[in-house]
Each structure stands twice: as C-alpha cells, then as structure tokens.
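Participant: Residue numbers (this note's numbering), protein chains in the order written: chain A, 27 to 315; chain B, 7 to 356; chain C, 239 to 482. Glycine included, every Cβ here is placed at the ideal spot set by N, Cα and C. Since the model is a prediction, treat every value here as computed from it, not as a measurement. Got a structure for you, questions after.
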Amino acid sequence: MDLVVAIIFQLVYGIANLALISLGLAIIFGMMRVINLAHGEFLMLGGYTVVVATNAGVNIWIAMLILAPLVVGIIGVIVERVLIRWLYGRMVDTLLATWGLSLLLIGLVTSIFGASTATTISPPLGIIRIGDYSASGYELFLIGVTIILFIAVFATLKLTRLGLVARGTMQNPEMSSALGVSTTRIYMITFGLGAGVTGLAGGLLAPVTGVLPTIGATYIAKAFITVISGGSAILAGTATGSILLGGINGIFAFITGPTIGEVALLVAAIVLLRLMPRGITGRFFRKFL
Amino acid sequence: MNGGNTLKAMRPVIIFALIGIIFMFLAPYVLQLFTIINLTTAIALAVLALSLALVWGFGGILCFGQVAFFGLGAYAYTIGAINFGGSTWAILVSIMVSAAFAALLGYFVFFGRVSDVYLGVITLTVTLIFFSLIRRTSGPEYKIGNAQIGGFNGVTSPPLNLPWDTSAFLFPEQVFYVAMAALIICYLFCGWLVTTHFGRVCVGIRENELRSELLGYDSRLYKLGIFTISAGIAAVGGVLFCNGVGRITPDVFNLYNAALTIIWVIVGGRGTLIGPIAATFGLFYLTSALGGQSVLNNNLVLGAILIFFVLLVPKGVAPTITDWFVGRRKPRRASRRRRRAGLRDKVKEV
Amino acid sequence: MKSDRDRRDVIVETRNLSMHFGGVRAVEQVDFTLFDKELRCLIGPNGAGKSTFFKCLTGQLTPTSGEVLIRGQQTTGAEPHEVASLGVGIKTQVPNVFDGLSVDENIWLSARRWHKAKRARTITAETIERLKLGDIRREMVGRLAHGQRQWVELGMVVAAEPWLVLLDEPAAGMTHEETARTAELIKEINTQAALIVVEHDMQFIRMISQQVTVFHEGQILMEDTMEAISNDKRAREVYLGNRA
C-alpha cells in the first residue's frame, strides 16, 4: 500500500513538474500565439538568479518566490520590446528569432559564469515518510506550488480587470484597441507575466536540478511539446497535456526506466499531434481557459 | 521552367557547379592537407544544408529535425560498413535507411494533414528522440551485427574504400574529391529537380496548397516525395561527415545542430540552393575561427546572427543580393511597360 | 410534370445534404440538381449557406450528412484534388493563386496536370491569349491587382478544360468593365461546360443567368429565372430587400 502511494506520489510530482515548466510558455503561446524557444533559458535564468542570490546571502525563499520571477519578468519585458514586437503574426519568424535569443542567452551566461555549475544549493524541507518509503518534502511543496500557481493564473485571467482586458485583446486585438486598450502594453505585460511565471518555475527547480548554462535545453523540448500537445487553451491545455504526457512518462519510467520513459513521452506526443493536430484543447475543452 | 528550356532555367546552377568543379581540382594543389580534411567536413554539412534548402526552401516543409536524417544516414553507413567490411554497400544502405524512415514519418505526418509549426515540432521531437535513445546505448549489449552503437561516445567510422577493393582506403585528398563530387552531383540534381513538373508542383504547394489541390494534384504525395528525397540527400551528407570527422556520435542529433541547420538556410536564403551551401562554409569557418578564442562564445555569435537575419535580412543573403541586382536593372524596363500599359488603359476607357 | 430537362444528364446532385458546425446549421438537408451544360447561379443573403454548400461540392468540407454526386459518382467527403481530378474547375471566393510564381507558370501548372509538356505549353499560350493576359504573363501574380488575380485564377480554371466549373464570386471586387468581360468569359465557358456560380452582384447575375437558386438559412428557398425571383415576394423580403 505504501509502495502504491509512493509511486503515485512520484507520478503526480512528474506531472506537476511538467506543468510547472510549461505554464509560462503556455501563457505566451495561448495569449499571443508566440512560440518562445528561449523559454528554457528563462527557466535557466530563474535558476541562476536563485543560486547567485542565495550564495550572496539572500534568503532562499525570497530568492525563489520573489526575486526569480521579478528578474526574469523584467528580462521578458525587455525581450518583448526589443525583439518580439517586430514579429507578431509571423509565427515561424518568432520561432527562429527566439531560437537565436536562446543561443544568445546561453552564450552570455557561459561567458559570465563559465560553463559549469555555479555552486548548487540543496533543497530545503527535508524528507517526509510514506510508510517504509521516503519522499522529498520539497517535491510535495512543488506539487502544492504548481496547483496554487494554476489557481492564481486562473484567478488573474478570470477575475481581474487586467485579465479580462488581456483575454479580450488576445481574441480580437483590433476591437480592443478600438475600445481604447493599448494592445502594445497588453502584449508587453503578458509576455512579462509569462516570463515571470517561467522564472519562478526555474527558480523553484534550481535546488532540484542544479544550474548550468545549457540546462534550458533539457526543459525546452518537453515544455514545447506539452504546450503544443495541450493546444491553445492556457490552463486546460497545459493541465491536460501535462497529465497525459507526464503520466505516460511516469508510467513507462517506472516500468522500464527513465530513458524509455522519455522516449515514451515523445512518441506519445507525436501520436497525439497526429490524431489532434490542433492539440487536445483544439478538440476537447475548447471553451475552457 | 514552364516546360521551356531546362538547361536555360538551370543556367545559374550549372555555372556554380562548374565553379565547384574547378575548385575541386585546384584545391589540393593550393591548400594545405589539414584544410582539405577540414573542408571535407564542411562539404558534408553543406550537403545537409542543401537537403534542407530543397525540402524547406522549395517544398515549403518546415523540417526542424533535418539532422535526424543526416545522423541516421551517418550511423547507418558506419554500422553498415563495419558489418559489410567495406563502404560501397554501406553508402547505399545509408541512403535507403534514411529515405525509408522519412517515407514512414512523412506518410504519418502528411497524410494526417499535420502542417506548419506542428510539423516542425514533430520533426524536432524525432531528432531529440534519436539523441536521447542513442546516448544511452553505451553498454556492450547494444550492437547491430558486429557494430557497437557506442552510446554517447559514438562509433568510429570505417573510411571509404575503392569500390572494388575493400582494403584500399581512400586518401584524404581522394575523400575530398568524393565529397566535392557528391556535393556537386546533389546540387545539380536538386537544381534539375526544381525545374521538373514534380518540382514545380512542389513549389506550387509551398505557395498555395489549396490551389494545388484544386488543380488536381494530391499535395500529400508530392510532399512525401520531396521529403523522402531530401532525407536521402541528407544521408549522403551523413556518409561524408563520417569520413570527414572519422566518427559519429549522438551529438549530431542535438538541439544545437538542429538549429544550426536551420540557420544555414535562413542566412543563405530560403528559396535558393547555392545560398545555404555558401552560408554553411561561411559559418563553418566563422565558428572555427571563433573556437580559438574565449571571449565570444559560439552560441552567442550564432544566436546574434540568427536574430540579425530574422529581423533585418529575412530573405537571407543570396536572395537579397539577387534582389539588389534585379532592382538595379528593372527601372528602365518597368517604366517602358508602364507607359505602354497607360496608353492601353486610355484606349479601353474610350 | 417535369419537362425536357429531365432527359438531359444530371451531372451534379446533392441528396439531403447537411453541414453543421457545432450548433450552426449552415446547410440543412439540401436537394440540388444540375444538368449538363447548365449555367446556374446561387444567390442568397450573407450566411445563407451558399459558400458552405459550394465547399461541400468542391471537397473542401466533408458534409455532416447527406450525399454529393458528381456525374453519378459519390464525392461526399472526397478530397479537393479528387474532385478536381474528375474534371471539375474550381475558383474560390478569395483568389487562391500562386503568388510567388508568374502568370504564365500559374496557368502552365494547371494545363500540365492534364497534358504533356509540349501540349501544356500550347494550351497555356492559348489561354493567356484568350484571357488577354499577354502583357502581364511574366509578372508575379502576387503583385497584380485584385481583378487581374481573379482573371489569372479563371485562366487556371479554363486551362484545365473542365466540363464542370464552380465559381465562388468571380466578379467580386471587379470594375464594371472587368465584370462585363467576366460575364462574356463565363458564357463562353458555358458552351463547353456546366457552371455553378455563387454571386452577390445582381447586375452580373442578370448578364449570365438562366436558372437561379436562392439560398436562405441553409436551405433552398426557390429555383427559377431571375425575372421570376425578382418578382417573388418571399425572395424580395429575404434577399432583394425591395431594392433590385
């Protein structure tokens, strides 16, 4: 029985992990139809912020929950103003430009911090016991944070005025600007928000994975695939995508090992896209956020 | 092009091919051996670029994972050559394996009407799968026939040998000749292919898939065709790469190399064949030169180049140069035509 | 009760054709018949279902239920290239042409589908001549004016020598003079092929029409000559709004 709980826990953590790293990308993709291939690097920058700040004496919780999203959010706003805004509507070009940005950021960070780990930090919140098995308390924390984050984003989009304006702009930019909304400002804020969420995710994962300039690459593929498979509904898509792909990953990883687990995730994504070319929320849950 | 003189339409391609032939014969006398060996690797990459230029530039198919076919061809060649004890059949196997895989993937994707960005994601995913999978095959139990797959260390590739004597390995200069010849032949082939009916339909599909269908062309078949052909060409590049570098590792499938391939085509110019080839050589030497110093990181430079081109030179180098030349010649003709048209309009109004 | 028309061949038929998009019933149980060499216009207010019906014929849409038969062959849910391969020429509402290619090449690609290179070249030249596109034959279609692009598209249709032609708003955005020329071309085409023309332009329809089918809210309201329709009270309320 304990074993079952422990396994389920790992599975849920895997799903939460996927959802956490994908949410920021989904916000930007869902709201602006921009595929940000520098997403992995935003995660990386969040991680570096936490590691650098913590090593400089800042409290780890402040570094993770406040500093990381703030720093990366600001970087996101700058990126939007300098690069993204020239390419709206040009999906392929944004893909390529953000790919370039990704390489640029990796290069920059490598030049500044060197190519190896900038001193890891250990995960706070020790071990919790599940009968005979132990699990990381931090993982439980992350599951919780992911759920709260989704609720927070949902609340922002559904209940606040900003959220309403943003959703309106996403659906019909011309109408929005006819109503006096500064669409450029909305795009800027949205991109910044997506980046901030990503920075938060990266910061939270820093104790778990360590930081390297190239760590973004391990995330981008999975996040990208989850978002595209999920479809354009931000929350519903990310959630269903994460559950499906993360679930398959976890199950296969448990049965045959992590490599096959990864491959299973990728193959599942291909099959999914073949069956539902517009992603899950292109077919189901279309009215959802 | 429209059934007119094929040779005439291929004139620029033929000219560049001739330049290539001249270079091929002159280079070993003018350049150092080390440079020649390096060039062989660059040529292999140029063939890869050519394959993407064909399928993306002309076919309009956004294949982000073109390196998958390149790497697959390289591995198939290496494993084949080890098992056959010679390179000749291995080359054939390499092309067949890559093309067959592309045909399968293509069938899956094109007949499922998956398009554009989503297609790009799928092809990228495929190359990442290869990367993931092959990296973990280090143990001795991972072998095909006599050949170990070797995991992240990769496999040493048997060099090319004379077709009739498996012990007569080619010297580096000879490998260079083979590589240049392969590049030139593939280039001429692609140049010819885009002038054929098949090629023009592929271009039409790129321009407007619906209209192609409404003319009675099954776009799925044409896309499958050009996708498969480009995979075969990429495999040729893979074979050459094995011989240029001496071994093949799963790094060939990684995200960086997938991006690099795209960059060659963007910088060189989508819609041309020679542009991406030139860009490959250019960027190859740029990154080699940069590799020596530590201030400017490769990633940094490549990223900056990509951003620069997407924002400011979206068509790429070759078309921009062509446009510039055409722009200089046009004014005289255009004004003459406008004057004639103006007159004609006046007559119509009456 | 039905006249001589019965004895002619039925070349397009729909039986109980319906096309629903979620809750929207764009086309609802339509029975439609077209005879050989007929020129039929489809009219109706916006949202009446004409273009949706059109797309069910061309294969761009798979009907929710019902059948489409072209020359007795089931084409319900067929792919557009399968329909075109039967010898059907199609012109869409928004011009679908190859913007990055020349006028010449656009038309050539159409002709070349059916003939070998040499014959295709001849047909291309003839079509360009016939549609008076000679002056712009080397121009990139993307650079042409809207009316000219429509004509290039008509050229592509004509070059395939179809026996059935489906046109969706061929006169849209054309000048008066261009519209008259288009009407002439359509009448010319009618000597060799049957046509279904979806249109809004009343004057244009009067130039070409024989039988007209009026769509309303996804169904066929009536089928008659333009005269009769203009005088019909229902039709006027629904569509003509007492203007025409």
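By the criterion of Cβ-Cβ separation under 8 Å, what are the contact partners of R142(B) in chain A?
Facilitator: Within chain A, the residues near R142(B) are T285.
Participant: Going by beta carbon distance, what residues of the same chain come within less than 8 Å of N159(B), once the five residues before and after it are set aside?
Facilitator: Contacts found: S144 and T255.
Participant: Is the number of C-beta pairs between the segment 283 to 294 of chain A and the segment 135 to 144 of chain B that are closer than 8 Å three or more?
Facilitator: Yes: at least three Cβ pairs fall under 8 Å.
Participant: Kindly say whether V207(B), judged by its beta-carbon, lies nearer than 8 Å to any beta-carbon of chain C.
Facilitator: Yes, V207(B) counts as interfacial toward chain C.
Participant: Return the chain-ordered ranges of every alpha helix (DSSP H) run that is complete within the segment 122 to 149 of chain B and spans a minimum of 4 residues.
Facilitator: Counting whole runs of 4 or more residues, the segment 122 to 149 of chain B contains the alpha helix (DSSP H) stretches 122 to 141.
Participant: Locate the alpha helix (DSSP H) running through G194(A), then write down its first and last residues.
Facilitator: Taken as a continuous stretch (DSSP letters only), the alpha helix (DSSP H) holding G194(A) covers R187 to Q197.
Participant: Less than 8 Å between the C-beta atoms of L151(A) and L46(A), yes or no?
Facilitator: It is not a contact, given that the beta carbons lie outside the stated cut-off.
Participant: Within the same chain, show all residues whose beta-carbon is closer than 8 Å to that of G157(B), passing over the 5 residues directly before and after it, in chain order.
Facilitator: The answer, listed in chain order, is I140, R141, R142, T143, S144, G145, Y148 and P256.
Participant: Between the segment 110 to 134 of chain B and chain A, which residues of the former have CB atoms less than 8 Å from a CB of the latter, in chain order?
Facilitator: Within the segment 110 to 134 of chain B, the residues whose Cβ lies closer than 8 Å to some Cβ of chain A are F114, V115, G118, R119, V120, S121, D122, V123, Y124, G126, V127, I128, L130, T131, V132 and L134, listed in chain order.
Participant: Does chain A have any CB closer than 8 Å to the CB of L292(B)?
Facilitator: For L292(B), the answer is no, since every Cβ of chain A falls outside 8 Å of its Cβ.
Participant: So, at 7 Å on beta carbons, what are the nonlocal neighbours of L113(A) in its own chain, with the 5 sequence-adjacent residues on each side left out?
Facilitator: Taken in chain order, the residues that qualify are D119, T120 and A123.
Participant: By the three-class DSSP mapping on this structure, what secondary structure does G228(A) have?
Facilitator: Here G228(A) sits in helix by DSSP.
Participant: Could you check whether T234(B) and A77(B) sit closer than 8 Å to each other, using their CB atoms as the reference points?
Facilitator: One point to set straight first is that residue 77(B) is Gly, not Ala, in the sequence displayed. No, they are not a contact pair.
Participant: Under a CB-based cut-off of 8 Å, is R351(C) close to chain B?
Facilitator: Chain B contact via Cβ: present.
Participant: How big is the Cα-Cα spacing for G228(A) and F250(A)?
Facilitator: In a straight line, the C-alpha of G228(A) is about 15 Å away from that of F250(A).
Participant: Identify the contact partners of R300(A) in chain B, using a Cβ-Cβ distance below 9 Å as the criterion.
Facilitator: F114, V115, G118, V120 and I128, listed in chain order.
Participant: Apart from the five residues just before and just after T12(B), which ones in its own chain have a Cβ nearer than 6 Å to its Cβ?
Facilitator: Hits under 6 Å: T201.
Participant: Determine, using beta carbons only, whether I249(C) and D274(C) come nearer to each other than 8 Å.
Facilitator: Cβ distance < 8 Å, so I249(C) and D274(C) count as in contact.
Participant: Using a Cβ cut-off of 8 Å, pull out every chain C residue sitting near G210(B), in sequence order please.
Facilitator: Those are F336, L339 and L347, listed as they occur along chain C.
Participant: Does chain C have any CB closer than 8 Å to the CB of L220(B)?
Facilitator: Cβ-Cβ to chain C under 8 Å: yes for L220(B).
Participant: Enumerated in chain order, which unbroken segments of the alpha helix (DSSP H) with a length of 4 residues or greater are wholly contained in the segment 33 to 85 of chain A?
Facilitator: For the segment 33 to 85 of chain A, whole alpha helix (DSSP H) runs of length 4 or above, ordered along the chain, are 65 to 81.
Participant: In its own chain, which residues sit with a C-beta less than 6 Å from the C-beta of V390(C), not counting the 5 before and 5 after it?
Facilitator: Excluding sequence neighbours, V390(C) sits near V335, V341, N344 and V379.
Participant: Should the segment 96 to 115 of chain A be regarded as contacting the segment 60 to 72 of chain A, the criterion being three or more beta carbon pairs within less than 8 Å?
Facilitator: With the cut-off at 8 Å, the segment 96 to 115 of chain A and the segment 60 to 72 of chain A touch.
Participant: Taking a contact to mean a Cβ-Cβ separation below 8 Å, would you say R206(B) touches L402(C) in this structure?
Facilitator: Result no, Cβ atoms of R206(B) and L402(C) do not sit closer than 8 Å.
Participant: Helix, strand or coil for I269(A) per DSSP?
Facilitator: Looking at I269(A) - three-state DSSP - the assignment turns out to be helix.
Participant: Quick one: residues in its chain with C-beta nearer than 7 Å to the C-beta of E317(C), no 5 flanking neighbours on either side, listed in chain order?
Facilitator: Taken in chain order, the residues that qualify are G297.
Participant: Quick one: residues in its chain with C-beta nearer than 8 Å to the C-beta of S268(A), no 5 flanking neighbours on either side, listed in chain order?
Facilitator: Same-chain partners within the cutoff: I41, A42, L44, A45, S48, T252 and G256.
Participant: Output yes if chain A places a C-beta closer than 8 Å to the C-beta of V316(B); else output no.
Facilitator: Cβ-Cβ to chain A under 8 Å: yes for V316(B).
Participant: Opposite K329(C) in the DSSP bridges: which residues?
Facilitator: Beta-bridge pairing links K329(C) to L405(C).
Participant: With a floor of 3 residues, list each beta strand (DSSP E) that falls wholly inside the segment 323 to 390 of chain C, ordered by position along the chain.
Facilitator: Qualifying beta strand (DSSP E) stretches, in chain order: 326 to 329.
Participant: What does the alpha-carbon distance come out to for the pair T307(A) and I296(A)?
Facilitator: Going by the C-alpha atoms only, they are around 16 Å apart.
Participant: For V19(B) and K229(B), what's the separation of their Cα atoms in angstroms?
Facilitator: Their backbone Cα atoms lie some 23 Å apart in a straight line.
Participant: Rounded to whole angstroms, what's the CA-CA distance from L26(B) to F114(B)? Just pull it up for me.
Facilitator: Reading the sequence as shown, one finds Gly at residue 26(B) and not Leu. Taking the straight line from one Cα to the other gives about 38 Å.
Participant: Would a C-beta distance cut-off of 8 Å place L4(B) and A322(C) closer than the cut-off?
Facilitator: With chain B represented from 7 up to 356, any question about residue 4(B) goes unanswered, as that position is not in the structure.
Participant: Find the nearest neighbour of V265(C) within the set R375(C), L459(C) and I374(C), judged by alpha-carbon distance.
Facilitator: Here the closest residue by C-alpha is L459(C).
Participant: Is it true that the CB of A237(B) sits closer than 8 Å to the CB of F75(B)?
Facilitator: For F75(B) and A237(B), yes; Cβs fall inside 8 Å.
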